[in-house]
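Visitor: In terms of our numbering, the sequence shown opens at residue 300 and continues consecutively. For every residue, glycine included, the Cβ atom is placed at its ideal position computed from N, Cα and C.
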Amino acid sequence: MLINYVRHGEGKPLLLVHWLGSSWHTWQAILAPLAASRAVVAIDLPGFGKSPPLAGEVSDRKSVV
300 MLINYVRHGE
310 GKPLLLVHWL
320 GSSWHTWQAI
330 LAPLAASRAV
340 VAIDLPGFGK
350 SPPLAGEVSD
360 RKSVV
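1. What does DSSP give as the partner residue(s) for I342 in the beta ladder?
2. Kindly list the residues whose CB is nearer than 8 Å to the CB of A331, restricted to its own chain and excluding five residues on each side of it in sequence; keep chain order.
3. Could you please give the first and the last residue of the uninterrupted alpha helix (DSSP H) stretch that includes A328?
4. Spatial neighbours of L314 within its chain, please: CB distance less than 6 Å, with the 5 preceding and 5 following residues excluded, ordered by chain position.
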């Protein structure tokens, strides 16, 4: 699975995940301040931004066993 991401800074890692319908650019305004003391990674979820969608059919239904 390929995931597009940006990484800034050094130190203890901090992962930023956007909400649906967005991309890593959501966090652009706060990346530099956070990266002053942390290793910040902001990702594009599959199918958003520059990350390709997941292969196969995607469903929000849960299987009942």
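Guide: Let's see:
1. By one-based count along the sequence shown, residue 342 stands at place 43. Looking at the DSSP assignment, I342 forms a beta bridge with Y304, V316.
2. Taking the first residue of the sequence shown as 1, we reach residue 331 at position 32. Excluding positions up to five away in sequence, the list reads H307.
3. Stepping through the sequence shown from its first residue, residue 328 is reached at position 29. Segment 327–334, the alpha helix (DSSP H) holding A328.
4. The residue given as residue 314 occupies position 15 in the sequence shown. Contacts found: V340.
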